[in-house]
Every structure is written in C-alpha cells, then in structure tokens.
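The listed protein sequences derive, respectively, from chains F and Y.
Quick note: the first sequence, position 67, residue 134 per our numbering, numbers continuous.
Quick note: the second sequence, position 165, residue 168 per our numbering, numbers continuous.
Don't be surprised by glycine CBs; every beta carbon is placed ideally from N, CA and C.
Report on the structure given below.
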Amino acid sequence: MGGYYVVLALRSSARSKALTALVILLLAFGVSACMVSYAVFRATTSDPLPAKSSHLYVPLIDNVGPSYDEHGEPHWSLSYMDAMALWRARKASRLTLLYAATWQVESDNPLIPAMSLGGDAVTADFFSMFNVPFRFGGGWTTDDEAQHATVAVISRHLNETLFGGQNSVGQKIRLDGQLFRVAGVLEDWNPRPRFFDAGSHGTVYNFDDAGDIYIPFTRATDMKKNSLVVFCPTASWQSDKSHWDAYLHSECDRIDAWVELATPADADRYREYLRNYAAEQQHLGRFSWAPSIRLRNLTDWMTYQGVTPPASTLSMLVSASFLLIILVNVVGLMLARFMRRATEIGIRRALGASRLAIYGQFLTEAATMGFVGGLLGVALTLLGVWGAGGLFEPNIARLVHADTSLIALTLLLAMAATVVSALYPTWRAAQTQPAWQIKIN
Amino acid sequence: MALTRIFMQLRPIVGALGRHKVATLLIVMQVALTLAVASNALFIVATRVVHLSRPTGTDEAHIFVIHNGWKMGQSSAQIDADIRADLDTLRHVAGVRDAFSSQGFPLEGYNVNIIARLKLEPDQKTRAQLATFFASDEHTIDTLGISLVAGRNFRPDEITAISPDDKMSPPGIIVTRSLADKLFPDGSALGKTIYLPDGPAAIIGILASLQGPLKHSSPLDGYTLLVPTHYLDPAGAVYLVRTDSITTKPVIAATLKALRERSGLRIIDPKEGVFTMAQERERAYADDRSVAVLMSILSGLLLLATAGGIVGLSSFWVSQRRRQIGIRRSLGATTGDILGYFHTENFLIVSGGIVLGALLAFLANLGLMHVYELPRMPLYVPLLGALVLWLLGQLAVWGPAQYASKVPPVVAIRTE
C-alpha cells in the first residue's frame with residue numbers, strides 16, 4: 068500500500084509542479100539552515116571528555132570578597148595559597164593544579180629559530196586525569212614533582228619541529244634558558260573547547276589550540292613563571308610581581324584546579340571540606356565574608372562559563388524560527404494542495420476507501436515530499452558546512468564538520484517536519500464528504 | 004475614485020476571508036513571525052555593523068603592527084637600549100614614514116597593561132576616571148596619523164622608560180578631547196594637572212580623537228591618553244609603523260629584515276608576528292562580522308520564504324475563485340477591480356500579521372536583552388520591517404492577481 072501511495076504522491080506532484088517545487092525548496096532551505104546552525108552549535112557545545120566529565124570538578128573559593136566579586140560569584144581561578152592548601156589537604160582521590168604560560172624554546176640546532184610557545188605548568192596527575200594520550204614516553208612522577216624536576220612533555224607538533232618526529236624521550240630542550248629533559252611526547256591532543264585551563268588562559272580563547280609544552284608546576288613556580296591571565300583585587304587591578312614570594316602569597320587569582328570525585332556523595336563531602344576551609348580562613352581573619360565556595364563538574368563548568376559563542380546560539384535560535392515560519396508556510400501550501408483534490412478524495416471515499424486510508428495516502432505523500440526536500444536539504448547543508456569558514460570565526464569554523472549522523476538527522480527532520488505540517492491539511496482532506504464532491508454541479 | 008472603489012470592496016473582502024479562516028490565519032501568523040524574527044535579526048545586524056565599523060581615529064590603511072618578543076634574561080636597561088635602537092632602525096627603512104613602540108595598539112582588545120586611573124586631586128576619595136593609555140614618544144602622533152587640537156607634542160627629552168612593575172609618573176601627558184572634556188567640563192583642561200596613581204602629570208596637549216586598545220565599545224570609548232615612555236615589558240614590545248608607500252607588503256619585509264640584521268635578541272613569530280591594521284580589524288571583529296553575515300542571510304531567506312508562501316496561497320485562492328471572478332466580470336467588474344480586490348485583500352491580511360508581529364518583535368527583543376545584553380529595539384525597526392513586508396506582500400500577490408484579472412467573464416456560465 069505504501070509503495071502505491073508514493074506513486075500517487077509523485078503523480079499528483081507532477082500535476083502541480085510549481086506548488087510542489089515551492090514546498091520542497093522551502094523545506095530544503097529551512098531544514099538546511101537549521102542543520103548548519105546545529106553543526107556549529109554541536110561543535111561548540113560538545114563534551115571535551117565524555118568518559119569523565121561527570122567525575123571532574125572545578126573547586127572555587129572566594130578569596131576577594133563581595134567588593135571585587137562579579138555577581139557574587141567567586142573568581143574563576145584560585146589564589147596560589149588556596150590552591151596549595153587544597154594540594155596539601157589531599158581530600159580528593161586526584162587533584163591537578165595547573166596554569167597556562169608561555170615559554171621561550173631554543174634548540175641546539177642553529178637552523179631552528181627561537182620560538183615563544185604556549186603550554187601549561189601542571190602537577191603530575193594532569194595527564195592521567197584528562198586522558199592525555201602519549202606517543203612516546205610519559206608524564207612525570209609525584210616524586211619528580213616534589214623535587215621540582217626539570218622534565219617536560221612536548222606536543223607532537225613541537226616534536227616534529229625540534230626532532231623531526233623521532234622518539235625524543237631523554238633529549239634536552241631549553242625553556243627560558245633552562246635545560247629540560249623530554250619525558251614524553253603527546254599524540255595529537257586538542258580538546259575543544261580548551262576547557263582545562265580556562266581561568267589562567269582566558270575564557271575568550273576557549274577555542275584556541277592546546278599548548279606545546281607541559282612542565283612540573285613546582286618547577287614553573289621556581290622559574291617565577293606567571294599565568295597568562297591573573298585577577299588581582301587591588302586598586303589598579305594589577306599585580307606587583309617584583310617580589311615573587313610576596314606575589315605568591317597575595318590574593319591574586321591565577322591557578323586552575325581540578326579534582327576527581329567518583330560519586331556525588333564524594334562531591335558533597337568535598338564541598339563540605341571547601342566550606343570548612345573557607346570558614347577557617349574567615350576565622351583566621353583572612354576573609355571578612357561568609358564562606359563562598361563552588362564545586363562544579365566539567366559540564367556545569369562549561370555552561371557556567373558560557374563557552375558557546377553568541378554567534379552560534381543566535382544562529383541556532385534564528386534558524387529554528389526560520390524553520391517554524393517555513394512550517395507555517397508549508398501547512399498553508401499543503402492545505403491548498405490537498406483541498407484542490409477534493410474531487411479525487413470524494414471518488415476514493417465513494418469507492419470504499421476509509422478515512423484511515425485517506426490519512427495513509429496523504430501522510431505518505433507528505434513524507435515523500437519531505438524526503439525529497441530532505442535530499443535537497445542535505446546538499447544545501449553540505450554546502451553550508453563547507454561555507455562555514457566564510458560565516459563563522461576561523462577557529463570555530465574549522466571545528467564544524469558533516470558526518471553521517473548529521474545527514475541522517477537532516478533527512479529525518481525534513482520528513483518529520485513535513486508530516487507534522489501535513490497533519491491538519493490531511494485531517495481536513497479526510498473530512499471531505501464524498502456525496503458533495505461527486506455530485507455534478 | 005480608485006480609492007473609493009477599493010473602499011467599497013472592503014466588506015465583501017472581509018466577508019470572503021471569514022470563509023477561509025485557517026488559510027488567512029496561516030498567512031497572518033507567517034507574516035507576524037517573519038516580522039518578529041526579521042526585525043530582531045536585522046536589529047542585531049545593525050548593532051554589529053555599527054560595532055565593526057567603529058573608527059579608531061588613526062590612519063589605519065597605512066599602519067602595521069610588529070609583535071616583537073624579547074629573548075629571556077635581558078635587563079630593563081638592555082631592553083630600553085634595544086627599543087631605542089630598533090626605532091631608529093625602523094625609521095630609516097625605505098617606505099617607513101614613522102614608527103613608535105608601545106605596550107598596546109588600537110583594536111588589540113583587553114590587555115592587563117592598558118588601564119590608567121586618573122584623579123583630579125591627589126587624595127580624591129571619589130571614584131577615579133578610567134582611561135586607556137598608549138606608551139608613546141614624540142613620534143606617536145605622526146605614526147598614528149592623529150592630530151593635536153591644542154597644546155604641543157612631547158619633546159624627545161621627556162620620554163622616560165618604565166617596567167610593568169614600576170611606578171608611572173610622567174611629567175606631562177596628552178589626552179583626547181573627549182577625555183579632557185570629561186575631566187574638565189568647562190574646557191580648561193590644557194595645562195591642568197591630573198593625578199595618576201603614582202604621581203601628578205600636566206596635560207600638555209589635546210588630541211582630536213583616538214580610540215584606546217579596547218576593541219569593544221565600552222564606557223571608556225574615546226577616553227585615551229598618551230604617556231611619554233618606553234614600556235619595558237620583558238615579554239616584548241609592540242612596534243607601530245606607518246608607511247607612506249602604497250603597497251605595505253614590501254615595507255613589512257624590509258622592516259623585518261632590518262630588525263633581524265640589527266639584533267638577534269628578539270622573537271618575531273613568522274605567522275603571527277606582523278599584522279596590518281586592516282588584518283587586525285578583521286581579527287578583532289571576526290565575531291561581529293560572522294553574526295552580521297549570518298543574520299542577514301537568514302533574514303533574506305526568511306523574507307523570500309514568506310513571499311513564496313504568499314504567492315502559493317494566493318494562486319490557490321485565485322484558482323478556487325475562478326467562477327466567482329467570472330461572475331463578477333460578467334456583471335461589469337473591470338480587470339482593475341479584480342486586481343484591486345486581491346491587492347486589498349493581501350494588504351488587509353499582511354496588516355493583521357504586522358500588528359501581531361510588532362508585538363511579538365518587542366517581546367522577542369525583551370527576551371534577547373536578557374540573554375545577549377542587546378539594547379532596546381527602537382520603534383522604527385519594526386516599522387521599517389512592516390513597510391518591507393507590506394511591499395513584499397503586494398509584490399508577491401501581483402502575479403496571482405494578474406492571473407485572476409485575466410479570467411474571462413465567460414467562465415461564469417461554463418460548467419467545468
């Protein structure tokens with residue numbers, strides 16, 4: 068029966084070519100606009116670490132007080148003092164402290180000019196906590212960390228530049244003039260967004276590539292390496308770094324911290340610990356305000372930061388309205404299309420077709436048109452995704468890609484949308500009184 | 004005459020619409036939604052376009068920016084000497100008109116070293132006036148292509164050198180006119196002393212206009228000052244260079260070569276090291292441009308879709324009413340009457356949609372104001388949208404109306 072209805076649909080489409088073409092064109096445009104926006108939206112909101120996002124938490128402690136807070140929220144990073152307090156307390160199964168910085172990289176090869184490259188100062192658990200893949204070697208141990216070792220992990224890209232892609236574990240590189248031993252080389256690792264050091268790297272650069280250099284947190288602190296982004300609650304908002312030790316013990320926020328907690332109960336316990344810690348600081352006179360702490364998991368953290376660029380959400384919103392308007396349009400056109408065939412319906416009904424059969428026929432017709440519209444929509448979507456480079460910022464556009472799920476979704480959306488918008492016209496068509504239609508007027 | 008004829012048709016038109024409630028309602032809804040979405044989208048486009056065409060006040064077409072990093076371990080004195088020698092080298096490259104070194108540049112965006120707090124009294128308790136500054140020297144005004152409206156330029160002997168952690172207390176500063184008027188509303192700024200956090204400074208000159216390094220509109224817009232100093236950031240310095248040559252590319256290559264030959268104690272990234280102001284503008288406003296382009300495309304498609312829908316439904320109505328049209332024609336209605344009928348009908352339906360749509364547009368604007376910090380939409384935006392939709396409706400119905408007006412009167416007596 069279905070096949071017969073499809074043939075009927077095609078035949079009736081051939082009779083009203085202009086109307087059919089209009090419906091299909093409208094559908095294709097509406098659906099593809101939605102899907103291109105969705106492809107961008109999906110790229111900017113995807114979970115960078117699906118396996119662990121619910122176990123990784125960002126602890127925040129308000130150390131600047133209400134007069135410097137934004138909307139009563141603690142700042143996005145921790146002060147060195149608070150970060151070290153969390154480190155010493157060891158209340159979570161794993162804890163990583165890190166901050167983004169840049170280093171000058173020199174190689175003994177005179178052909179390679181000195182470079183200024185970004186990366187992070189991280190504690191030993193960083194690599195295992197964020198499932199960072201290694202190509203050669205590995206990270207460093209907590210003992211290395213405690214000894215402020217001069218070891219480094221470099222990106223695959225930097226390894227290509229400096230060592231031609233060879234296994235460089237054990238080789239030396241010079242960072243800011245100090246010799247470091249290469250402990251490991253990463254595989255291509257580029258989580259999007261760059262979630263792990265948002266506080267010290269700057270949230271406006273969420274879609275930047277990950278850095279090329281990772282060295283122990285303790286060693287970087289010895290090198291007096293500052294974070295890229297620092298928040299200082301002083302009158303000038305600027306930090307005085309001339310006295311490094313005093314700077315470390317100032318209330319400047321510049322460290323990103325992550326804790327791994329297996330269960331929500333663990334998270335509650337950790338929250339309790341943070342609250343007690345802040346209360347203790349208040350008791351000691353360091354904070355003159357009630358404890359204000361936050362513990363968000365990775366997903367909530369990304370939502371809180373508003374990682375998704377406004378261009379992406381806005382275009383999602385507008386293209387969804389676009390599709391809605393198109394659907395209203397299609398309802399009208401379908402109504403016209405079906406009502407024009409009142410005589411045909413009347414004859415079918417008179418010959419014994421049930422209302423259900425009429426429903427079947429016209430919804431199949433709608434689905435057929437939806438399918439054709441969807442095919443055209445897929446083509447337009449692919450065109451749109453290909454052209455995303457001209458529409459979105461370059462660092463976002465390159466994340467956008469089409470895959471089978473996007474194509475399947477496009478077809479599905481087109482068919483579902485047409486069937487939904489054909490519901491009312493079909494109902495009207497099924498109401499046709501056979502007697503009225505076959506009477507000769 | 005024609006108007007009264009159209010007016011007389013109003014009653015039958017409204018009556019006929021009552022018989023097509025659903026179809027009419029569909030067009031009304033469509034017009035309403037289109038107006039609501041398109042006027043908001045185009046309003047966003049307008050705000051973004053205003054934003055991305057925000058002038059810096061400089062001769063952007065001829066300026067390029069060199070991001071010059073320093074190798075580690077140089078003392079402040081060495082960096083100061085390097086900057087002076089570099090500037091001397093730069094100013095002697097063929098095609099270079101002038102150059103200076105700073106800690107920031109127009110359209111850069113936020114950077115931790117660009118905000119200055121200005122007070123009128125050394126112990127002022129009220130909130131200090133915020134402004135952005137450029138570390139400058141006597142060549143800054145010529146390099147940026149800006150003009151002094153009062154006072155004088157810096158003298159070479161006034162140029163100091165400070166490190167990021169040093170106190171900033173220049174003897175004299177140059178401010179923009181908007182900042183001068185903000186500080187001294189009576190227009191007496193020239194020669195007055197204001198207080199930077201680390202000491203007093205006299206206003207020795209006033210600039211016509213200049214934007215600070217911030218790229219986004221902010222309360223600090225136009226509040227810019229020039230501080231006569233070389234900024235000795237151990238990380239690096241920014242060189243702004245103005246060329247008098249028509250093509251910038253060879254000049255950039257020549258300056259880089261000259262810098263490389265002068266000293267190897269620098270790092271200039273091969274890809275990210277030099278940008279013309281035009282490129283900086285493109286980088287700075289990439290997000291605004293993308294929103295503007297996207298919204299324009301979507302609004303255009305939206306209007307096309309609505310027009311398509313009106314054409315489709317109107318043709319259907321015409322084909323449904325062939326008989327009635329024939330009867331009217333044989334009873335003496337002219338083709339003009341038939342045309343008028345369909346155009347008036349369309350006008351009425353679109354008007355209904357516009358009333359509903361204007362309401363929706365303002366509601367949507369209120370919602371967007373919460374989420375995206377948009378300003379309130381001025382009344383003329385939906386009015387303009389309404390005008391466009393009226394026009395669009397009339398254009399869309401033109402074809403079907405023409406078709407209807409050509410229905411011969413004989414249809415009335417022909418059985419189909």
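Determine which residues share a DSSP beta bridge with residue i and list them.
| i | result |
| --- | --- |
| Val241 of chain Y | Y:His70, Y:Ser105 |
| Lys122 of chain Y | Y:Tyr198 |
| Lys239 of chain F | F:Arg248 |
| Phe137 of chain Y | Y:Leu229 |
| Glu173 of chain F | F:Arg241 |
| Ile474 of chain F | Note: Ile474 of chain F sits in no beta bridge, so no partner. |
| Glu327 of chain F | F:Leu123, F:Arg161 |
| Ser146 of chain F | F:Asp320 |
| Ser318 of chain Y | According to DSSP, which records beta bridges pairwise, Ser318 of chain Y is partnered with nothing at all. |
| Ala153 of chain Y | Y:Ile209 |
If we call anything under 8 Å between Cβ atoms a contact, is residue i one with residue j?
| i | j | result |
| --- | --- | --- |
| Ala102 of chain Y | Arg120 of chain Y | no |
| Lys74 of chain Y | Gln171 of chain F | yes |
| Ser160 of chain F | Leu328 of chain F | yes |
| Ala409 of chain F | Gly441 of chain F | no |
| Phe438 of chain F | Ala308 of chain Y | no |
| Trp311 of chain F | Lys292 of chain F | no |
| Leu213 of chain Y | Thr227 of chain Y | yes |
| Ile280 of chain F | Ala324 of chain F | no |
| Ala188 of chain F | Phe298 of chain F | no |
| Thr246 of chain Y | Arg100 of chain Y | yes |
| Ser120 of chain F | Asn364 of chain F | yes |
Taking all protein chains shown into account, decide if residue i is buried (16 or more other Cβ within 10 angstroms of its Cβ) or exposed.
| i | result |
| --- | --- |
| Trp453 of chain F | exposed |
| Lys128 of chain Y | exposed |
| Gly60 of chain Y | buried |
| Tyr234 of chain Y | buried |
| Ser359 of chain F | buried |
| Lys218 of chain Y | buried |
| Asp189 of chain Y | exposed |
| Asn43 of chain Y | buried |
| Ala204 of chain Y | buried |
| Ala313 of chain F | exposed |
| Thr251 of chain Y | buried |
| His122 of chain F | buried |
| Gln282 of chain Y | exposed |
| Met102 of chain F | buried |
| Ile416 of chain Y | exposed |
| Phe193 of chain F | buried |
| Ala88 of chain Y | exposed |
Roughly how many whole angstroms lie between the Cα atoms of residue i and residue j?
| i | j | result |
| --- | --- | --- |
| Thr7 of chain Y | Gly343 of chain Y | 11 Å |
| Ile16 of chain Y | Glu348 of chain Y | 6 Å |
| Arg263 of chain Y | Gly239 of chain Y | 15 Å |
| Ala1 of chain Y | Thr111 of chain F | Shown here, chain Y extends from 4 to 419; a query on residue 1 of chain Y therefore has no answer. |
| Ser488 of chain F | Arg404 of chain F | 13 Å |
| Arg326 of chain Y | Val314 of chain Y | 20 Å |
| Val395 of chain F | Ala484 of chain F | 10 Å |
| Pro126 of chain F | Leu362 of chain F | 5 Å |
| Phe108 of chain F | Phe263 of chain F | 20 Å |
| Phe354 of chain F | Gly132 of chain F | 7 Å |
| Phe278 of chain Y | Pro253 of chain Y | 13 Å |
| Pro501 of chain F | Ile412 of chain F | 7 Å |
| His346 of chain Y | Trp401 of chain Y | 7 Å |
| Ala138 of chain Y | Cys319 of chain F | 25 Å |
| Pro377 of chain F | Gly204 of chain F | 40 Å |
| Thr179 of chain Y | Ala152 of chain F | 47 Å |
| Leu28 of chain Y | Val321 of chain Y | 17 Å |
Is it the case that the CB of residue i approaches a heavy atom of the ligand HEM more closely than 7 Å?
| i | result |
| --- | --- |
| Met298 of chain Y | Absent from the structure shown: the ligand HEM. Ligands present: none. |
Discussion item. Please identify, using Cβ separations under 8 Å, the residues of the stretch 329-357 of chain F that lie next to chain Y, in order along the chain.
Written reply: Listed by position, the residues of the stretch 329-357 of chain F near chain Y (Cβ gap below 8 Å) amount to none.
Practice prompt. Check distances from the C-beta atoms of the stretch 162-178 of chain F to those of chain Y and list, in chain order, the residues that come in under 7 Å.
Written response: Within the stretch 162-178 of chain F, the qualifying residues are Gln171.
Worksheet item: Between the stretch 228-250 of chain F and chain Y, which residues of the former have CB atoms less than 7 Å from a CB of the latter, in chain order?
Response: Listed by position, the residues of the stretch 228-250 of chain F near chain Y (Cβ gap below 7 Å) are Asp243, Gly244.
Worksheet entry | Positions along the stretch 48-79 of chain Y whose CB lies within less than 8 Å of some CB in chain F | Taking 8 Å as the Cβ-Cβ cut-off against chain F, the residues of the stretch 48-79 of chain Y that qualify are Gly72, Lys74, Met75, Gly76.
Discussion item. Give me the subset of the stretch 287-298 of chain Y whose CB atoms are less than 7 Å from a CB atom of chain F, sorted by chain position.
Written reply: For the stretch 287-298 of chain Y, the residues whose beta carbon sits under 7 Å from a beta carbon of chain F are, in order, Ala289, Asp290, Ser293, Val294, Val296, Leu297, Met298.
Fill in: Residues of the stretch 392-411 of chain F with Cβ closer than 9 Å to any Cβ of chain Y, in chain order
Those would be Ile392, Ile393, Val395, Asn396, Val397, Val398, Gly399, Leu400, Leu402, Ala403, Arg404, Met406, Arg407, in chain order.
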